[in-house]
């Protein structure tokens, strides 16, 4: 696992964690409603679990792609989906109509999963997951080979070889999901506790910048990179 | 387009909202009883240091006649900060203004010129009928995931049931009927909620046929108007419980739940007890898994010479107080009670919601007393304190004097007039003082009657909160 890969996973985890819409604010509200920090601390892992499932679904799809050829297709199609989703997030102002303040743990986790999915949290990780070099020796070679391939214009049949060995393994996907979600949980937890214990909700009035919009642009960038990666492997 | 920072008029908690700056403008629903001139939203300057303080400084006329503007509300408010559907970057800028008689609902934009709101959309009676099955839209509340609009009547020739329609809060389209399961609920009037507990509450007046030509004596004495509260699951949109106040308690009207979202109590005013013409305020509260109510305030009828009474009251020889509106300060400390018949505004300390303490009283108008305003001591006033609105900091109270066209005519048959008064109070100790320098009335309202007031930036009955 490269440092850049880890930094990207953790960085995006922090970016997701800091967004009030991804759950820390809900945890604070639950703590305030119950007048206990325990309520806040109980909510956080549930919210992170829902987020992890949303990420895991996308990571799982990448694993399923298995071959470099399908990876390319996934990269281009998936990247286009991410861009489209980003555009939708720029313009759309939709939100849920079924949620409320009194949710069971199961409902809270589902809320987090849906909120993360609807905001494209998993999709944002697509370029990172697709760019990751496989851990195994052969996989690494295959990846390097595939990369050198597009420089040297090697024969098409060598693609099939690298295809079988390349891509994200299931273990890689689980580790990526865990690393990302842990970073999300830590940042969300830190923000929630600081707001709950120290600064108070007044901070919302001044510091709650429109992350939805930044988020949408992040999706556009992520999608653009993914498409570019997919196209570049064909060149 | 959305904002980069939350709308500055949104506050996460009532504690924060109390520190909000004072309102600068008041929006007042004005309507023409004869339905020959268009209704209007009047804009009044309420900034004390302004040269036009207390004057009507803006007037937005609507394109039709016969709407009977009544209650109205904002497109978005502090509930936009709620954690489960946060959208803090929308703006509080549109007034959603229903016509109680026409069933049309107007959307006015206050942003380009706050003193001259402009009409941007008209929701037709047909749209409300087709999409939601309702007519006679009444109360507007900005919810976390849409605009809630209560309506008194059914659609397509049906008198009822009345209920709640949900509006999209960006497109203002009618999304549909809110209720998934309405249980035994038939009458509608007010709607509000306990956001912290996913509970919605509705109250009961009557159907259009019971109110539009005036109060019907036989129905009232036959105890046929609404006399119950309904509690609902706000998330599942299902009826949970009907709580009957007793059928002598006719017309269960304005709902004022505690602003603190951790609390589970609120107040509701009842217009008249047909046994003794008194009026009352009840507290609702949770008792185990059930909701319960308790009468906490009773205002007695005042005996009067039948000669001085309008025909509808002559047989009774008394003036009923007729509690037709109440309002709760944002800090949940003071409850304001309008007795429109006797012409009283009463202030109660409700720190203990079950034992209110009377802390202030003002008399203006009244069916018999006709108490004058201090700024015009020789001018007997018709009408009485009716719609009452309280500033977010709890220092200023605004009163208008019309109840509902057909009913004004029965209780003030020689004319109800039109006036807006401002009362000042000390949010720490209570007590009421009429502001002698603020009294837009009569011709300032161009022959129209005045009903609900909304304050720029929000007020005590416009916003709800998800954080304590």
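Residue numbers (the working numbering), protein chains in the order written: chain A, 329 to 563; chain P, 5 to 472. For glycine and all other residues, C-beta sits at the position ideal for the given N, C-alpha and C. Since we're looking at a predicted model, the values are computed, not measured.
Cβ of residue i within 9 Å of any chain A Cβ
| i | result |
| --- | --- |
| residue 253 of chain P | no |
| residue 57 of chain P | no |
| residue 320 of chain P | no |
| residue 17 of chain P | yes |
| residue 20 of chain P | yes |
| residue 131 of chain P | no |
| residue 183 of chain P | no |
| residue 358 of chain P | no |
| residue 235 of chain P | no |
| residue 268 of chain P | no |
| residue 14 of chain P | yes |
| residue 149 of chain P | yes |
Under 8 Å by beta carbon: chain A residues contacting residue i
| i | result |
| --- | --- |
| residue 202 of chain P | 428, 429, 430 |
| residue 6 of chain P | 421, 538, 540, 541 |
| residue 265 of chain P | 361, 429 |
Contact list for residue i against chain P, beta-carbon separation under 7 Å
| i | result |
| --- | --- |
| residue 622 of chain A | Any question about residue 622 of chain A goes unanswered here, given that chain A covers just 329 to 563. |
| residue 357 of chain A | 87, 470, 471 |
Partners in chain P for residue i, counting only beta-carbon separations shorter than 9 Å
| i | result |
| --- | --- |
| residue 536 of chain A | 9, 10, 85, 90, 92, 93 |
Neighbour list for residue i in chain A, Cβ cutoff strictly below 7 Å
| i | result |
| --- | --- |
| residue 190 of chain P | Ordered by position in chain A, no residue passes the 7 Å Cβ test against residue 190 of chain P, which lies about 25 Å from the chain. |
| residue 24 of chain P | The premise fails here: residue 24 of chain P is roughly 11 Å from chain A at the closest Cβ pair, so nothing lies under 7 Å. |
| residue 238 of chain P | 428 |
Collapsed DSSP secondary structure at residue i in the structure displayed
| i | result |
| --- | --- |
| residue 250 of chain P | coil |
| residue 197 of chain P | strand |
| residue 537 of chain A | coil |
| residue 375 of chain A | helix |
| residue 371 of chain P | coil |
| residue 454 of chain P | strand |
| residue 346 of chain A | helix |
| residue 78 of chain P | strand |
| residue 302 of chain A | In the structure as shown, chain A begins at 329 and stops at 563. Residue 302 of chain A is therefore absent and cannot be evaluated. |
| residue 365 of chain A | helix |
| residue 240 of chain P | coil |
| residue 102 of chain P | strand |
| residue 255 of chain P | strand |
| residue 45 of chain P | strand |
| residue 177 of chain P | coil |
| residue 399 of chain P | coil |
| residue 338 of chain P | strand |
Distance CB(residue i)-CB(residue j) smaller than 9 Å
| i | j | result |
| --- | --- | --- |
| residue 363 of chain P | residue 342 of chain P | no |
| residue 421 of chain P | residue 385 of chain P | yes |
| residue 182 of chain P | residue 167 of chain P | yes |
| residue 88 of chain P | residue 434 of chain A | no |
| residue 211 of chain P | residue 137 of chain P | no |
| residue 471 of chain P | residue 533 of chain A | no |
| residue 109 of chain P | residue 153 of chain P | yes |
| residue 414 of chain P | residue 404 of chain P | no |
| residue 275 of chain P | residue 249 of chain P | no |
Residues near residue i by beta carbon distance below 6 Å, same chain, minus five either side
| i | result |
| --- | --- |
| residue 360 of chain P | 300, 301, 352, 354 |
| residue 341 of chain A | 508, 511, 512 |
| residue 477 of chain A | In this predicted model, residue 477 of chain A has a pLDDT of only 38, less than 50, meaning its place in the structure is not dependable; the value taken from the coordinates is given anyway. Nothing listed; no residue qualifies. |
| residue 378 of chain A | 437, 440, 441 |
| residue 106 of chain P | 70, 71 |
| residue 242 of chain P | 184, 185 |
Neighbourhood of residue i by C-beta distance below 7 Å, restricted to the same chain and skipping five residues each side
| i | result |
| --- | --- |
| residue 238 of chain P | 197, 202, 203, 204 |
| residue 305 of chain P | 280, 281, 282, 322, 323, 324, 325 |
| residue 40 of chain P | 69 |
| residue 147 of chain P | 83 |
| residue 375 of chain P | 347, 367, 368, 369, 385 |
| residue 7 of chain P | 93, 95 |
| residue 480 of chain A | For residue 480 of chain A, the predicted structure reports a pLDDT of 41, less than 50, and the residue's modelled location is therefore unreliable. A value from the coordinates is still provided. Once the five neighbours on either side are set aside, residue 480 of chain A has no close Cβ partner at all. |
| residue 86 of chain P | 148, 199, 470 |
Min CB distance residue i to chain P below 9 Å
| i | result |
| --- | --- |
| residue 282 of chain A | Residue 282 of chain A is absent from the structure shown; chain A starts at 329 and stops at 563. |
| residue 533 of chain A | yes |
| residue 360 of chain A | yes |
| residue 529 of chain A | yes |
Within chain P, the residues that residue i reaches when beta carbons sit closer than 8 Å
| i | result |
| --- | --- |
| residue 349 of chain A | 90 |
Interface residues of chain A facing residue i [CB-CB closer than 9 Å]
| i | result |
| --- | --- |
| residue 199 of chain P | 428, 429 |
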